[in-house]
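S.K.:
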Amino acid sequence: MKILLYRLRKLRGLKPKEGKWLIQAQWELARAQLRLRTTARGKMVFGRNPDSAAGPVLEEPELAHGLALAVERAAEHGIFRPKCLVRALALQALLERHGVHGGQVRIGVRMQDAAFHAHAWVEFGEIILGDRPAHVKTFVPVTGAQVRDVV
Numbered sequence: 030m031k032i033l034l035y036r037l038r039k040l041r042g043l044k045p046k047e048g049k050w051l052i053q054a055q056w057e058l059a060r061a062q063l064r065l066r067t068t069a070r071g072k073m074v075f076g077r078n079p080d081s082a083a084g085p086v087l088e089e090p091e092l093a094h095g096l097a098l099a100v101e102r103a104a105e106h107g108i109f110r111p112k113c114l115v116r117a118l119a120l121q122a123l124l125e126r127h128g129v130h131g132g133q134v135r136i137g138v139r140m141q142d143a144a145f146h147a148h149a150w151v152e153f154g155e156i157i158l159g160d161r162p163a164h165v166k167t168f169v170p171v172t173g174a175q176v177r178d179v180v
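Just so you know, the numbering used here puts 154 at position 125 of the sequence shown, and the rest follows in order with no gaps.
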């Protein structure tokens with residue numbers, strides 16, 4: 030009960046646009062989760078142009094970072110706890126909805142303690158959204174592929 034009251038107080042403190050973004054983020058997280066469950070394995074990955082490595086310029090960084098924060102908050106405090114790929118797909122969709130085009134969902138891998146780990150995040154060129162750059166740097170990006178936005 031204490032946690033619920035704490036979260037309600039935090040919600041009241043949001044600016045109207047932040048509350049709107051939070052609702053949209055929760056919606057996109059649910060859509061991304063559904064897409065992953067209903068899309069055949071391997072259908073979301075396609076070839077990537079290696080010449081596009083520089084990536085687009087992030088023209089509205091404040092908006093992009095605000096939307097990334099909304100997805101993070103919805104993932105941490107919303108109706109379910111999505112994994113990184115769902116969060117990345119939701120963030121990319123939310124960015125596109127707000128006219129911030131060109132972000133790419135990237136996937137990286139690493140071996141740690143004899144275990145294979147994979148991680149997903151959104152990139153705009155060298156800018157990482159929705160994750161800590163220090164965490165992302167612990168993964169080796171999978172080159173030659175990116176995640177397709179399957180609607």
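For each residue, glycine too, the CB sits at the ideal point set by N, CA and C.
For Leu118, which of Gln141, Gly48, Glu152 has the nearest alpha-carbon?
M.R.: By 1-based counting over the sequence shown, the position of residue 118 is 89. Taking only the C-alpha atoms, the option nearest Leu118 is Glu152.
S.K.: Where Phe145 and Met73 are concerned, what is the direct C-alpha to C-alpha distance, given to the nearest angstrom?
M.R.: Translated into the one-based positions of the sequence shown, residue 145 becomes position 116. Translated into the one-based positions of the sequence shown, residue 73 becomes position 44. Near 21 angstroms, if we compare the C-alpha coordinates of Met73 and Phe145.
S.K.: Report yes or no: do the segment 53 to 60 and the segment 106 to 115 share at least 3 C-beta pairs separated by less than 8 angstroms?
M.R.: At 8 angstroms Cβ cutoff, the stretches touch.
S.K.: Need the endpoints of the beta strand (DSSP E) that Leu158 sits in, please.
M.R.: The residue you call residue 158 lines up with position 129 of the sequence shown. That run of the beta strand (DSSP E) goes 156 to 158.
S.K.: For a minimum of 3 consecutive residues, which ranges assigned as the beta strand (DSSP E) are wholly contained in the segment 57 to 142?
M.R.: The qualifying runs are 74 to 76, 133 to 141.
S.K.: With 16 as the cutoff for other CB atoms within 10 Å, does Ala103 come out buried or exposed?
M.R.: Numbered from its first residue, the sequence shown carries residue 103 at position 74. That one is buried.
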